[in-house]
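S.K.: Dumping the structure here so I can ask a few things about it.
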Amino acid sequence: MKSVALKWIAGLLMVAGFSAWGSSWTPVRTDNPRDTMKTFMTAMNDYAEGVRNQDEQLRARIQDAIRCFAPAPNTGLKGERDKEAAAIALKETIDRVIVVDFDRIPEAPEGDRWRLKDTEIVLKPITQGERSGEWLITYDTWSRASHFFRIVKDDPYLEGTGKGAMYSQPLVEKMVPPWSKEEILGLQKWQWLGMLAALILGFVVKFFSEMLLDLLRNLSFVSKIPWKENLILASEKPLGLILATVFWYVSLIFLEVSGLPFTLFNGVIQVVLGGSLIWGAYRTIAVGREYFSFRASLTESTLDDQLVPFVEKTLKVLVVILGVLMVLQNMGINVLSLLAGLGLGGLAFALAAKDTAANLFGSIMILVDRPFKVGDWVVVGEVEGTVEEIGFRSTRVRTFYNSLISVPNSMMVTATIDNMGMRQYRRVTQKLGLTYDTPPEKLEAFVEGVKEILRTHENTRKDYFHVVFSGYMDSSLEILVYFFVEAEDWTEELLAKEEIFLKILKLAKEVSVEFAFPTRTVHVESGSEVSPLA
Numbered sequence: 003m004k005s006v007a008l009k010w011i012a013g014l015l016m017v018a019g020f021s022a023w024g025s026s027w028t029p030v031r032t033d034n035p036r037d038t039m040k041t042f043m044t045a046m047n048d049y050a051e052g053v054r055n056q057d058e059q060l061r062a063r064i065q066d067a068i069r070c071f072a073p074a075p076n077t078g079l080k081g082e083r084d085k086e087a088a089a090i091a092l093k094e095t096i097d098r099v100i101v102v103d104f105d106r107i108p109e110a111p112e113g114d115r116w117r118l119k120d121t122e123i124v125l126k127p128i129t130q131g132e133r134s135g136e137w138l139i140t141y142d143t144w145s146r147a148s149h150f151f152r153i154v155k156d157d158p159y160l161e162g163t164g165k166g167a168m169y170s171q172p173l174v175e176k177m178v179p180p181w182s183k184e185e186i187l188g189l190q191k192w193q194w195l196g197m198l199a200a201l202i203l204g205f206v207v208k209f210f211s212e213m214l215l216d217l218l219r220n221l222s223f224v225s226k227i228p229w230k231e232n233l234i235l236a237s238e239k240p241l242g243l244i245l246a247t248v249f250w251y252v253s254l255i256f257l258e259v260s261g262l263p264f265t266l267f268n269g270v271i272q273v274v275l276g277g278s279l280i281w282g283a284y285r286t287i288a289v290g291r292e293y294f295s296f297r298a299s300l301t302e303s304t305l306d307d308q309l310v311p312f313v314e315k316t317l318k319v320l321v322v323i324l325g326v327l328m329v330l331q332n333m334g335i336n337v338l339s340l341l342a343g344l345g346l347g348g349l350a351f352a353l354a355a356k357d358t359a360a361n362l363f364g365s366i367m368i369l370v371d372r373p374f375k376v377g378d379w380v381v382v383g384e385v386e387g388t389v390e391e392i393g394f395r396s397t398r399v400r401t402f403y404n405s406l407i408s409v410p411n412s413m414m415v416t417a418t419i420d421n422m423g424m425r426q427y428r429r430v431t432q433k434l435g436l437t438y439d440t441p442p443e444k445l446e447a448f449v450e451g452v453k454e455i456l457r458t459h460e461n462t463r464k465d466y467f468h469v470v471f472s473g474y475m476d477s478s479l480e481i482l483v484y485f486f487v488e489a490e491d492w493t494e495e496l497l498a499k500e501e502i503f504l505k506i507l508k509l510a511k512e513v514s515v516e517f518a519f520p521t522r523t524v525h526v527e528s529g530s531e532v533s534p535l536a
């Protein structure tokens with residue numbers, strides 16, 4: 003008997019526990035005007051109770067009340083802070099104007115709108131979107147909630163209501179004189195004056211922050227390290243503007259700016275803040291490129307020399323894209339929904355960006371496969387010159403007549419590239435002509451002397467060269483000089499050839515042979531005299 007009683011008690015406790023757990027969650031019902039108003043009023047009463055008792059769970063019920071609001075035409079027009087303020091103002095207004103009798107609110111009203119008696123509070127059904135079919139408080143209603151509240155805020159609460167939503171007048175508003183509480187363009191005078199003062203103080207903050215950074219830059223332990231000085235110089239102006247915009251945003255919150263003025267000023271602040279961050283990141287990336295380019299110049303590998311400018315351009319593109327998306331997101335615009343809603347526009351953009359993507363992958367393949375590097379002499383189709391820069395979209399080639407040609411990286415990947423700069427040896431073919439009166443002994447001595455020059459020169463290929471008496475030309479005895487020069491670039495090749503040719507010239511003087519040049523001997527045959535004409 004005792005065990006049965008214990009089981010009954012345990013069962014009752016479990017039921018009580020499940021009941022208690024279940025009552026902590028109240029579903030948001032907005033199927034008709036009665037459900038919507040009941041949900042809103044009940045949620046706001048719970049919120050007021052949570053504020054009084056410092057119960058965070060009940061205070062969170064204001065989110066259920068906000069779900070009774072129709073979405074704003076543009077998601078960037080109203081943030082969560084505005085919606086919470088509107089819910090409080092709307093509850094304070096209703097409890098001063100009417101005692102809501104839920105039984106008298108229709109479940110199936112006639113027409114496509116319903117208005118709360120003696121108020122301008124209107125509910126309408128949503129006809130499209132994920133909340134289609136729900137009856138919600140219109141945007142025109144809840145966006146004007148603060149205006150409604152200012153009209154009736156001096157009226158007492160009606161008996162039988164929830165006594166408002168624990169609205170507390172801001173401390174600043176309590177301190178300002180009565181004349182400054184007059185409303186102009188959606189804000190009171192003291193708020194406009196406060197924003198003007200905040201604007202001026204923001205520029206003061208900007209000035210002092212830039213001055214402090216300038217002092218820091220001139221300190222000895224910073225000025226001795228160029229990249230640190232450049233980093234401070236690059237971030238000086240953007241950081242000052244960032245601090246100013248943060249100060250302006252905090253001022254909007256402190257001054258209790260709301261509604262359309264808050265939306266407009268906050269939008270401007272977000273754009274300026276985003277632009278400042280992009281500007282600062284751009285300048286910081288440029289300083290980073292200088293630093294890493296210097297470090298790359300100290301290494302033997304050339305890959306890092308090509309990688310630094312490519313990474314710089316990639317980071318700059320990412321900074322702009324992410325900066326714009328951040329600004330849109332901070333303004334309350336759902337970026338993912340915006341991108342998904344592009345539809346055919348997104349498809350057209352993707353098609354337009356096809357070549358850009360091909361060039362991007364081409365630049366990656368160039369860096370990975372390394373068919374050439376900066377400074378190489380290349381021949382790509384009809385383009386010939388020295389590679390000057392491997393960029394994000396194209397490779398720049400400086401031609402030998404000093405023009406600059408940009409070749410798309412997608413074409414560089416598919417084209418046949420003749421990299422003259424990757425040659426281990428540079429071939430040299432030279433024909434020398436000696437005069438016909440050169441004795442055979444001197445000719446042989448000259449040929450052997452040229453061979454010795456090629457054997458002893460530090461930049462020639464020793465295992466493969468030819469110096470031979472190759473034939474009888476019209477004006478000379480021709481000697482073919484065929485050899486290879488080991489050189490890193492064209493400049494080294496020219497210097498090596500110059501040294502060898504000067505030695506050959508000196509050898510010719512030592513051996514006493516002369517170089518021939520095209521000559522022609524004219525023989526005039528003497529004949530019988532021509533008799534004069536009669």
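The sequence shown runs 3 to 536 under the working numbering.
Glycine included, C-beta positions come from ideal geometry on N, C-alpha and C.
#1: At a cut of 8 Å, does the segment 266 to 276 reach the segment 307 to 321 through at least three beta carbon pairs?
#2: Does the segment 282 to 293 come close enough to the segment 237 to 256 that 3 or more CB-CB pairs lie under 8 Å?
#3: Quick one: what does DSSP say Thr143 is sitting in, helix, strand or coil?
#4: From the DSSP output, in three-state form, read off Thr397 for me.
#5: Relative to the C-alpha of Gly214, which residue among Met197, Leu198 and Leu245 is closest?
#6: Runs of 3 residues minimum, wholly inside the segment 104 to 140: which ones carry the beta strand (DSSP E) assignment?
#7: Whole angstroms is fine: what's the gap from Arg115's alpha carbon to Trp194's?
#8: Should the segment 426 to 442 be regarded as contacting the segment 474 to 491, the criterion being three or more beta carbon pairs within less than 8 Å?
#9: How many angstroms separate the CA atom of Val99 from the CA atom of Ala199?
#10: Give a yes or no on whether the C-beta atoms belonging to Gly204 and Trp250 are separated by under 8 Å.
#11: Have a look at Glu456 and Arg428 and give me their C-alpha separation to the nearest angstrom.
#12: Pairing CB atoms from the segment 440 to 453 with CB atoms from the segment 411 to 418, are three or more of them under 8 Å?
#13: Residues bridged to Arg429 by DSSP?
#14: If you follow the beta strand (DSSP E) that Thr437 is in, where does it begin and where does it stop?
#15: By DSSP's criteria, Gln190 is part of a beta bridge. Which residues make up the other side?
#16: Following the continuous alpha helix (DSSP H) through Ser412, name the residue where it begins and the one where it ends.
#17: Mind checking Thr129: buried by the 16 CB within 10 Å criterion, or exposed?
#18: Would you mind working out which of Asp157, Glu161 and Thr121 sits nearest Arg146, comparing C-alpha positions?
#19: Using 10 angstroms around the beta-carbon of Arg63, count the other beta-carbons present and answer buried if the total reaches 16, otherwise exposed.
#20: Any idea what DSSP makes of Gly162, helix, strand or coil?
#21: With C-beta atoms as the reference, is Val382 less than 8 Å away from Ile323?
#22: For the beta strand (DSSP E) containing Asn220, list its first residue and its last residue.
#23: Can you grab the Cα-Cα spacing for the pair Ala167 / Gly52, in whole Å?
#24: What does the alpha-carbon distance come out to for the pair Ala518 and Ser478?
#25: In three-state DSSP terms, what is Lys9?
#26: Would you check if the distance between the CB atom of Glu390 and the CB atom of Val376 is smaller than 8 Å?
#27: Are the beta-carbon atoms belonging to Met469 and Val487 less than 8 Å from one another?
#28: Could you work out which residue in Thr41, Thr95 and Gly196 is closest to Lys155 when comparing CA atoms only?
#29: Alpha carbon to alpha carbon, how far is Glu460 from Ile502? Give it in angstroms, no decimals.
#30: May I ask you to report which of helix, strand or coil DSSP gives Val380?
#31: Using CA coordinates, which residue listed in Gly393, Ala45 and Ser408 is at the minimum distance from Arg61?
#32: Rounded to a whole number of angstroms, what is the C-alpha to C-alpha distance between Lys444 and Ile481?
#33: Among the candidates Val321, Asp97 and Val274, whose CA atom is the shortest distance from the CA of Leu568?
#34: Take Arg69 and list the residues in its own chain whose beta-carbon comes closer than 6 Å to its own, dropping the five residues that flank it on each side.
#35: Helix, strand or coil: how does DSSP classify Thr77 here?
#36: Using the C-alpha atoms, what's the distance from Ala489 back to Gln432?
M.R.: Per the coordinate set shown:
#1: No: fewer than three Cβ pairs fall under 8 Å.
#2: Counting Cβ pairs under 8 Å, three or more are found: they touch.
#3: In the structure shown, Thr143 sits in a helix (DSSP, three-state: H, G or I).
#4: Residue state, collapsed to three classes: strand.
#5: What sits at residue 214 in the sequence shown is Leu, not Gly. Proximity to Leu214 across Met197, Leu198 and Leu245 peaks at Leu245, based on C-alpha coordinates.
#6: Complete beta strand (DSSP E) runs here, min 3: 124 to 127 and 137 to 139.
#7: Taking the straight line joining both Cα atoms gives about 37 Å.
#8: With the rule of 3 Cβ pairs closer than 8 Å, the segment 426 to 442 counts as touching the segment 474 to 491.
#9: Distance between the alpha carbons of Val99 and Ala199: 37 Å.
#10: Result yes, Cβ atoms of Gly204 and Trp250 sit closer than 8 Å.
#11: A quick correction: the sequence has Leu, not Glu, at residue 456. If you take the alpha carbons of Leu456 and Arg428, they lie about 14 Å apart.
#12: Segments in contact, no.
#13: Arg429 pairs with Phe486.
#14: Element bounds for Thr437: n/a, residue is neither H nor E.
#15: Paired residues: Glu185.
#16: Element bounds for Ser412: Asn411 to Thr416.
#17: Flag for Thr129 reads exposed.
#18: Comparing Cα positions, the closest option is Thr121.
#19: The C-beta of Arg63 has 16 or more other C-beta atoms within 10 Å across all chains shown, which makes the residue buried.
#20: Gly162: coil per DSSP, three-state reduction.
#21: Between Val382 and Ile323, the CB-CB gap reaches or exceeds 8 Å.
#22: If you look at Asn220, you'll find it isn't in any beta strand (DSSP E); DSSP assigns it neither H nor E.
#23: Distance between the alpha carbons of Ala167 and Gly52: 10 Å.
#24: If you take the alpha carbons of Ala518 and Ser478, they lie about 6 Å apart.
#25: With a pLDDT of 46 at Lys9, under the threshold of 50, the predicted position of this residue should be treated as unreliable, though the coordinate-derived value follows. The answer is helix: DSSP assigns Lys9 an H, G or I state.
#26: Yes, they are a contact pair.
#27: Sequence check: residue 469 is Val here, not Met. Result no, Cβ atoms of Val469 and Val487 do not sit closer than 8 Å.
#28: Minimum Cα-Cα distance from Lys155 among the listed residues Thr41, Thr95 and Gly196 corresponds to Thr95.
#29: Spanning the two alpha carbons is a distance of roughly 10 Å.
#30: It is a strand residue.
#31: That would be Ala45, whose Cα lies nearest to the Cα of Arg61.
#32: The alpha-carbon atoms of Lys444 and Ile481 are separated by roughly 13 Å.
#33: Because the chain spans 3 through 536 in this model, residue 568 falls outside it and cannot be assessed.
#34: Sequence-distant Cβ neighbours of Arg69 in its own chain, meaning closer than 6 Å and more than five residues away, are Val30.
#35: Model confidence at Thr77 stands at a pLDDT of 48, short of 50, so the residue's coordinates are unreliable and nothing is read from them.
#36: Gln432 and Ala489 have their C-alpha atoms some 18 Å from each other.
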